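In this note's numbering, the protein residues as written are 96 to 627.
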């Protein structure tokens, strides 16, 4: 047990260390890790609240109040699984200090369990942040209950094992692929894309089925949770009704698969780690004609190659764009029924255009591509600084890649949202323009934040993309820009009806211009100072 505690503590310290800023002068910023963790918890609680509090009265009215826990439990497992699975390969099958790890007098099973325990603690904290608003919303409708609160804590501890199981399975598959194939980036991208398709498809299904009758939808969801999603129904039954039988079944379905898969993986754990360490890609040199182009084009091509060949970077930052595209498709198919759905849920005459703009802004705020682009240079940053190009060109290429990638999704989704929700052609064009302006501001803000809080000493790309301070603060800055645009919209509407969206566009243009000028003035100096 003492060895297990030591292994767990080392793994957990590695995870918490990854939340620090980690620049060349990281000792001056050592206190950033807890702040980033608090920021992640606040964002999780905020996103959960946006679902929990509107859903609770609807489900209570339909006589299906416990279904709230099943729905939020499903969201929790899905989002935590994505958050954990992408980084599980580096956490559980990481090869840093592999010689020391393989020489330790501990069994592979104990080592896997220790690393999984660190992942479990991370998932437990995120699960608590997601389910706490659901418990508050439920008890506001049904009355406060100490029993419900205690049962929710116990059930959440069991539910957090679900993402750990998924993460271990995905991590083992990716580690096996990386140890066997030289060009494994394509296979990893396909697996990640398939996982994201499941999430986006589920979101699209929920959007398309949400415009019907409350009672019919509640009954349909109840039927789904009693079938293939039965563990989530057990979770809801135990929290809401205190069913001991449901608790036993939930504990068995959450704990036993994790132990079984850990036992299976431990049999080949050392071989996989050794293969990962010894595996190296072969470079084939071929004679061919060199292409001519500008320095900016070469830098842009470099950013594209890094983005497409770093799976964790690609799928963490493109998720918001895919969610936005799914929302646009749902609006084109079912947008005409939204007014009736809002009226049925006690919100007749609700402003559809601001809601669409807010959803669009939130998705774009999650697309923090530039927030990791400088940190991902890592120990090779000096190579980029030694090129015969200016720091201004390097930063301009990084910001331009963000804008070029997001622009097609933004324009297409903005037009589909505006036309599908029947807000008019002019409003649809304004939504698309507003999205482009937000991309401009978010790209510049992300670079400034990444230059301020670099993570150049990260042990792997997962730490930079998922757990760095710059990534969290950049998403928060994007949400802040969306909130400021919403406030401007509201104030302008109070002064002159119809002036809300144009005023928000002007505000976003001003913010983007200020951030761009700041990047041009301060960015090159900050970039050169990273290796001083």
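Using N, Cα and C, we set each Cβ at its ideal position, and we do this for glycine too.
For clarity, every value in this text was computed on a predicted model and none was experimentally measured.
- [ ] Please report how far the alpha carbon of residue 301 lies from the alpha carbon of residue 204, in whole angstroms.
- [x] Any reading at residue 301 needs caution, since the residue's pLDDT is 49, under 50, leaving its predicted position unreliable; the model's value is listed next. If you draw a straight line from the Cα of residue 301 to the Cα of residue 204, it comes to about 40 angstroms.
Task: Near the ligand SAM: residue 348 beta-carbon under 7 angstroms from a heavy atom - done: In terms of ligand content, the structure shown is empty, and the ligand SAM therefore cannot be addressed.
- [ ] Drop a sphere of 10 angstroms on the beta-carbon of residue 141, count the other beta-carbons inside from all chains shown, and report buried for 16 or more, exposed for fewer.
- [x] By the neighbour-count rule (16 or more Cβ atoms within 10 Å), residue 141 is not buried but exposed.
Task: Secondary structure of residue 424, DSSP reduced to three states - done: Three-state result, residue 424: helix.
Task: Closest residue to residue 564 among 133, 101 and 222 (Cα-Cα distance) - done: It is 133 whose Cα lies nearest to the Cα of residue 564.
Open item on the list: Less than 8 angstroms between the beta carbons of residue 458 and residue 403, yes or no?
Closed with: The answer is no: Cβ separation not under 8 angstroms.
Open item on the list: Whether or not the region 484 to 501 and the region 461 to 473 are in contact is what I'm after, with contact meaning three or more pairs of Cβ atoms, one per stretch, closer than 8 angstroms; do they touch?
Closed with: Yes, since at least three Cβ pairs between the region 461 to 473 and the region 484 to 501 fall closer than 8 angstroms, the two stretches touch.
Open item on the list: Between the region 544 to 552 and the region 527 to 535, can you find at least three pairs of beta-carbon atoms closer than 8 angstroms?
Closed with: Taking 8 angstroms as the limit for Cβ pairs, the verdict is that the region 544 to 552 does not touch the region 527 to 535.
Task: Limits of the alpha helix (DSSP H) - the one that residue 555 falls within - done: Here residue 555 belongs to no alpha helix (DSSP H), and DSSP marks it neither H nor E.
TODO: Tell me where the alpha helix (DSSP H) around residue 611 begins and ends.
DONE: Element bounds for residue 611: 595 to 623.
- [ ] Kindly indicate which residue of 360, 337, 349 and 334 has the alpha-carbon position closest to the one of residue 266.
- [x] Checking every option, the nearest Cα to that of residue 266 belongs to 360.
Task: Top-ranked residue by Cα proximity to residue 621, from 544, 454, 369 and 247 - done: If we check each option's Cα against that of residue 621, 544 comes out closest.
Open item on the list: What does the alpha-carbon distance come out to for the pair residue 507 and residue 347?
Closed with: So the two alpha carbons sit approximately 46 angstroms from each other.
- [ ] Please say whether residue 171 and residue 254 have beta carbons closer to each other than 8 angstroms?
- [x] Their beta carbons are under 8 angstroms apart, which means residue 254 touches residue 171 by this criterion.
Task: residue 328 (DSSP reduced to helix, strand or coil) - done: Three-state DSSP puts residue 328 in a helix.
- [ ] Enumerate in chain order the residues of its own chain whose CB-to-CB distance from residue 336 is below 8 angstroms, with the five nearest sequence positions on each side excluded.
- [x] Only 161 meet the Cβ criterion.
Task: For residue 238, three-class secondary structure by DSSP - done: DSSP places residue 238 in the coil class of the three-state scheme, outside both helix and strand.
Task: Cβ-Cβ separation, residue 327 to residue 168 (assumed contact under 8 angstroms), whole Å - done: Cβ-Cβ separation between residue 168 and residue 327: approximately 5 angstroms, consistent with a contact (criterion under 8 angstroms).
Task: 8 angstroms Cβ shell around residue 619 - same chain, five flanking residues per side excluded - done: Result list for residue 619: 485, 486, 487 and 490, in chain order.
Open item on the list: If the criterion is Cβ atoms closer than 8 angstroms, does the pair residue 573 and residue 463 meet it?
Closed with: Yes. Within cutoff.
TODO: Kindly list the residues whose CB is nearer than 7 angstroms to the CB of residue 598, restricted to its own chain and excluding five residues on each side of it in sequence; keep chain order.
DONE: 583, 584 and 587.
Task: Sequence-distant residues of the same chain with beta carbon closer than 6 angstroms to residue 497, five excluded per side - done: Only 464, 465 and 538 meet the Cβ criterion.
Task: Top-ranked residue by Cα proximity to residue 271, from 350, 407, 200 and 188 - done: Closest by C-alpha distance to residue 271, out of 350, 407, 200 and 188, is 188.
Open item on the list: For residue 611 and residue 559, what's the separation of their Cα atoms in angstroms?
Closed with: Between the alpha carbons of residue 611 and residue 559 lies a gap of roughly 24 angstroms.
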